[in-house]
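Remarks on the structure that follows.
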Amino acid sequence: NNTRTRLIAGNWKMNKNYTEGVQLAQDLANELGHDTHGVEVVVCPPATDLKGVSGVIEFDRAPFGLGAQNVYWEASGAFTGELSCDMLKSVGCTHCIVGHSERRDYFGETDGDINLKVKALLAAGIVPISCCGESLEVREAGNQVDFVVGQIRADFDGVELESGDQLVVAYEPIWAIGTGKTATPEDAQEVCGAIRAALVDIFGADIASQIRVLYGGSAKPGNVAGFLAEEDVDGALVGGASLVAADFAAMVERA
Ligand code: PEP
Numbered sequence: 003n004n005t006r007t008r009l010i011a012g013n014w015k016m017n018k019n020y021t022e023g024v025q026l027a028q029d030l031a032n033e034l035g036h037d038t039h040g041v042e043v044v045v046c047p048p049a050t051d052l053k054g055v056s057g058v059i060e061f062d063r064a065p066f067g068l069g070a071q072n073v074y075w076e077a078s079g080a081f082t083g084e085l086s087c088d089m090l091k092s093v094g095c096t097h098c099i100v101g102h103s104e105r106r107d108y109f110g111e112t113d114g115d116i117n118l119k120v121k122a123l124l125a126a127g128i129v130p131i132s133c134c135g136e137s138l139e140v141r142e143a144g145n146q147v148d149f150v151v152g153q154i155r156a157d158f159d160g161v162e163l164e165s166g167d168q169l170v171v172a173y174e175p176i177w178a179i180g181t182g183k184t185a186t187p188e189d190a191q192e193v194c195g196a197i198r199a200a201l202v203d204i205f206g207a208d209i210a211s212q213i214r215v216l217y218g219g220s221a222k223p224g225n226v227a228g229f230l231a232e233e234d235v236d237g238a239l240v241g242g243a244s245l246v247a248a249d250f251a252a253m254v255e256r257a
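Just so you know, UniProt numbering puts 230 at position 228 of the sequence shown, and the rest follows in order with no gaps.
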């Protein structure tokens with residue numbers, strides 16, 4: 003129903019040391035083979051695993067991608083504990099998650115921070131996977147669309163794109179992350195459709211029609227096809243199920 007290439011991205015979060023991470027990447031490569039059936043596949047291991055994972059098949063080349071989970075916007079200097087875009091590129095990163103709800107909630111990341119990170123990544127030629135999503139409280143008050151559109155407008159304020167391939171958006175309702183509760187495909191479409199409309203406003207219709215919008219929140223092999231059947235859902239950002247090679251590969255096959 004649209005021409006956007008499907009994208010399945012795995013967010014390993016703070017799981018897998020170097021040895022375990024390389025092993026998981028190898029297991030995934032064995033499950034997938036080199037054929038992803040036209041689906042783009044991005045894995046986002048912890049920073050310490052990036053270099054090792056980039057050496058397994060070609061996770062740093064299309065149709066694969068290698069993503070970090072965070073970045074700092076400054077180029078270099080006295081920012082203890084942070085990693086720059088150039089550092090990520092030097093180990094093969096093609097993508098980077100920004101604005102994950104765990105970073106917003108536990109590490110105080112603001113929309114202003116996310117905006118600077120998105121701009122720095124774009125300038126470095128790394129594709130941001132920019133996350134948004136509402137809490138249970140916001141959902142129960144029925145304000146999910148306004149809340150998420152507000153995040154999108156703030157996160158992409160002043161951002162310029164030449165093409166829609168430069169940016170990925172992930173809608174992740176916080177109440178569905180790691181909880182086993184999933185949104186329904188209709189819930190996902192309601193917000194992903196509103197995200198696309200906001201992207202049309204911000205970037206224009208041509209570019210907005212190319213931007214992939216992913217659903218995330220307890221996505222798994224058994225439910226991924228339902229989300230992907232929706233007009234404005236172009237893939238999934240997968241947490242828990244991305245740590246099991248067979249499950250993640252099954253989701254790529256069903257995409
Ligand atoms: C995530 O946090 O990006 C996520 C989607 O997690 P899970 O699939 O485990 O809900």
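A virtual CB, placed ideally from N, CA and C, is assigned to each residue, including glycine.
Using 9 Å as the threshold, is the C-beta distance between residue i and residue j below it?
| i | j | result |
| --- | --- | --- |
| Leu101 | Gln146 | According to the sequence displayed, residue 101 carries Gly and not Leu. Against a cut-off of 9 Å, the Cβ pair of Gln146 and Gly101 comes out as no contact. |
| Lys91 | Ala126 | yes |
| Leu169 | Ser132 | yes |
| Gly12 | Ser244 | yes |
| Val193 | Ile10 | no |
What do you get for residue i, buried or exposed, if any count of 16 or more other CB atoms within 10 angstroms of its CB means buried?
| i | result |
| --- | --- |
| Gly237 | buried |
| Ala77 | exposed |
| Ala227 | exposed |
| Met16 | exposed |
| Asp107 | exposed |
| Arg155 | exposed |
| Ala248 | exposed |
| Ser165 | exposed |
| His97 | buried |
| Ala185 | buried |
Comparing the CB of residue i with every heavy atom of the ligand PEP, is any distance shorter than 8 Å?
| i | result |
| --- | --- |
| Lys15 | yes |
| Val240 | yes |
| Gly218 | yes |
| Ile116 | no |
| Gly237 | no |
| Ala172 | yes |
| His102 | yes |
| Ala178 | yes |
| Cys133 | yes |
| Ala252 | no |
| Thr7 | no |
Which same chain residues end up closer than 8 Å to residue i when comparing Cβ atoms and leaving out the 5 residues on each side of it in sequence?
| i | result |
| --- | --- |
| Gln191 | Glu232, Glu233, Asp234 and Val235 |
| Phe66 | Thr38, Glu42, Val43, Val44, Val45, Ile59 and Glu60 |
| Phe229 | Pro187, Ala190, Tyr217, Ala221, Val235 and Ala238 |
| Ala251 | Leu30, Glu33 and Leu34 |
Spatial neighbours of residue i within its chain, please: C-beta separation below 6 Å, excluding the five flanking residues on both sides.
| i | result |
| --- | --- |
| Glu84 | Tyr74 |
| Leu201 | Ala210 and Ile213 |
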